[in-house]
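Engineer: Protein chains in written order, with my numbering: chain A, 8 to 200; chain B, 88 to 362.
Idealized CB from N, CA, C, for every residue including glycine.
Predicted, not measured: the structure shown is a model, and the values here were computed from it.
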Amino acid sequence: MINLTLIFIAAAITHNFVLTYFLGICPFIGVSKRIEQAVGMGIATTFVMTLAACVTWIIYHFILIRFGLPFLQYASFIIVIASLVQIVEMFIRKVSPALYRALGIYLPLITTNCAILGLTLFMILRKYTFLEGVVFGVGAGCGFTLALVIMAGIREELECCDIPKPLQGAGITLIIAGMLALSFMGFGGLISR
Amino acid sequence: MIGNTVLTSILSMAGLGLFFASVLAVVNQKLKVKEDPRVEGIEGALPGLNCGACGFASCRQYAEALAKEEISPDQCKAGGEEVINRLSEILNIKIEKKIKQVAVLHCGADESARKKKAIYRGVKTCLAAHNMFGGEVSCAYGCLGYADCVKACPFDAIKMVNGLPKIDKYKCVACGKCVASCPRNLITLEKIDSRDFIYVACNNLDKGPETRKACSVGCIACGLCQKLTGGIFYVENNLARVRYDKAKNIANTEEVINKCPTKCIVNEKPKSNGG
């Protein structure tokens with residue numbers, strides 16, 4: 008149980024995918040303008056991460072290992088992630104057309120979100136059990152959502168700020184991303200991995 | 088041995104692909120969103136300016152409402168007749184021909200005709216001047232000349248000529264933005280069904296002598312135009328007005344315009360005269 012908690016905290020905070028591994032920066036910058044959008048994107052990504060962790064673990068251990076094909080992990084994991092993203096996209100389109108429109112191109116782009124492929128590969132690399140893998144997926148998704156929401160909160164406040172002209176737009180966003188990453192580095196020694 | 092690995096690779100990848108494809112197919116059936124295929128076509132036919140004159144925030148929303156047949160296709164003012172025709176083709180609805188509307192300015196006092204009562208040094212917008220005791224213009228009804236309507240027009244149809252807005256009736260699509268922008272309510276939307284368009288360029292409701300004091304081209308409600316046209320012009324609240332629906336029946340247009348003592352009846356001529 009302690010092990011699971013540690014995996015969760017590590018994935019969500021101390022080894023946050025976005026702010027420590029710098030994975031999934033594209034949606035981190037692209038969909039962090041409004042908090043609601045950020046939450047929607049975070050939930051969608053968390054869902055995909057959790058399911059991807061489940062399905063890829065099963066595929067890796069029961070198909071790829073059994074037939075001696077671990078080198079196929081990249082290709083097969085991408086198939087899994089792409090299908091899951093498709094399902095999520097259909098689901099969001101059905102349930103919330105407004106969120107579907109707000110997420111726009113970033114929704115199908117979850118497919119190529121390296122955070123998710125990174126998650127599945129880390130999971131295999133660290134030889135997690137099935138349960139550990141699922142917790143790792145949930146934790147990574149929560150960490151991604153956390154990073155996105157923090158960023159969106161800051162950017163919403165930023166809109167009322169007097170930013171020097173050369174830094175407006177992408178410039179200040181990247182600087183803030185860097186500062187956030189630095190502050191998350193402060194958790195570094197909390198859990199050794 | 089290698090052949091074996093290749094075979095199992097191909098088989099397992101094909102199996103995985105097939106499995107996920109079938110899952111996707113099932114989910115697609117389950118979660119199908121019924122979207123009217125006409126929406127795309129309708130959106131393509133709309134001008135895409137998102138001006139909001141139809142009452143929807145964007146052309147896309149208007150297109151969706153149209154596809155659900157909640158609203159008639161003649162709401163798009165920016166696109167004019169052409170778009171309405173195309174929409175009715177897509178939706179297979181016949182609509183009666185709509186008479187073109189145009190924004191009309193009910194004031195004729197340009198910079199030279201305007202009488203000043205004070206010097207105004209405030210913010211140079213009509214709204215500010217209007218709220219500051221009407222700025223420097225002595226007429227309490229007339230145009231202030233700070234071009235709020237020009238700034239409001241999304242179609243570049245209004246220009247300031249000699250301190251007075253001039254509305255290009257060919258560019259005007261009657262979206263109503265200028266009507267809302269004028270703090271003195273000088274602009275109205277009127278139906279134009281004849282090529283000549285005759286209107287009273289004054290909005291002053293004061294009695295004749297008062298109007299004369301404030302403006303050299305204001306309507307003094309003498310009633311001459313009413314007599315000359317047999318009631319197509321009429322005087323109400325010290326101001327002459329036109330029954331626009333009957334305006335084309337006026338035979339002696341020139342006479343009415345020339346005999347008006349303050350020359351506040353204007354005939355908006357077709358394009359050749361710079362109208």
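Is the CB-CB distance between L273 (chain B) and N325 (chain B) below 7 Å?
Structural biologist: Taking 7 Å as the Cβ cut-off, L273 (chain B) and N325 (chain B) do not qualify as a contacting pair.
Engineer: In terms of residue numbering, what span does the alpha helix (DSSP H) encompassing A216 (chain B) cover?
Structural biologist: 213–218
Engineer: Distance check for I171 (chain B) and Y67 (chain A), CA to CA, integer angstroms please.
Structural biologist: One C-alpha to the other measures close to 58 Å.
Engineer: Let me check one thing: in DSSP terms, what residues is R201 (chain B) bridge-paired to?
Structural biologist: B:C302
Engineer: Classify L138 (chain A): buried if its beta carbon has 16 or more other beta carbons within 10 angstroms, exposed otherwise.
Structural biologist: exposed
Engineer: Per DSSP, what are the beta-bridge partners of P252 (chain B) in this structure?
Structural biologist: B:M247
Engineer: Classify I157 (chain A) as helix, strand or coil using the three-state DSSP reduction.
Structural biologist: helix
Engineer: Just checking my contact of S90 (chain A) with V126 (chain B) at CB under 8 Å: how many whole Å lie between their CB atoms?
Structural biologist: The Cβ separation is near 27 Å, so there is no contact.
Engineer: Mind checking which residues open and close the beta strand (DSSP E) that includes L79 (chain A)?
Structural biologist: Run containing L79 (chain A): none; DSSP gives neither H nor E here.
Engineer: Under 7 Å Cβ-Cβ, which residues of chain A neighbour S96 (chain B)?
Structural biologist: L76, L79
Engineer: Using the Cα positions of G263 (chain B) and L276 (chain B), report the straight-line distance between them to the nearest angstrom.
Structural biologist: 7 Å
Engineer: Given a threshold of 16 other Cβ atoms within 10 Å of its Cβ, counted over all protein chains shown, does A144 (chain B) qualify as buried or as exposed?
Structural biologist: A144 (chain B) counts as exposed, since fewer than 16 other C-beta atoms from the protein chains shown sit within 10 angstroms of its C-beta.
Engineer: Does V189 (chain B) pass the burial test, meaning 16 or more other C-beta atoms within 10 Å, or should it be called exposed?
Structural biologist: Result: buried.
Engineer: Return the CA-CA distance between A101 (chain B) and C163 (chain B), expressed in angstroms with no decimal places.
Structural biologist: Just so you know, the alpha carbons of A101 (chain B) and C163 (chain B) end up roughly 52 Å apart.
Engineer: How close, in whole Å, do the beta carbons of Q44 (chain A) and L110 (chain A) come, if the pair is a contact with beta carbons under 8 Å?
Structural biologist: 7 Å
Engineer: Since L153 (chain B) meets chain A, which of its residues come closer than 7 Å, beta carbon to beta carbon?
Structural biologist: Here the premise fails: no neighbours, minimum Cβ distance about 17 Å.
Engineer: Expressed to the nearest angstrom, what Euclidean distance is found between the alpha-carbon atoms of I352 (chain B) and F220 (chain B)?
Structural biologist: 28 Å
Engineer: Tell me which same chain residues have a C-beta within less than 8 Å of the C-beta of I70 (chain A), skipping the five on either side of it?
Structural biologist: Taken in chain order, the residues that qualify are L76, S83.
Engineer: Is T92 (chain B) buried or exposed, if buried means 16 or more other CB atoms sit within 10 Å of its CB?
Structural biologist: exposed
Engineer: Measuring only the C-alpha atoms, how far is T118 (chain A) from G166 (chain B)?
Structural biologist: 40 Å
Engineer: Helix, strand or coil for I50 (chain A), going by three-state DSSP, please let me know.
Structural biologist: Taken through DSSP and simplified to helix, strand or coil, I50 (chain A) comes out as helix.
Engineer: Helix, strand or coil: how does DSSP classify V170 (chain B) here?
Structural biologist: helix
Engineer: Give me the subset of the stretch 26–47 of chain A whose CB atoms are less than 8 Å from a CB atom of chain B, sorted by chain position.
Structural biologist: none
Engineer: Look up I36 (chain A) in the DSSP assignment and give the residues it is bridged to.
Structural biologist: Answer is none; I36 (chain A) lacks a bridge partner.
Engineer: Can you grab the Cα-Cα spacing for the pair S359 (chain B) / V224 (chain B), in whole Å?
Structural biologist: At S359 (chain B) the pLDDT is 43, less than 50, meaning the model places this residue with poor confidence and gives no usable figure here.
Engineer: Using 7 Å as the limit for Cβ to Cβ distance, is I94 (chain A) near chain B?
Structural biologist: yes
Engineer: Beta strand (DSSP E) containing Q188 (chain B): first to last residue?
Structural biologist: Element bounds for Q188 (chain B): 188–192.
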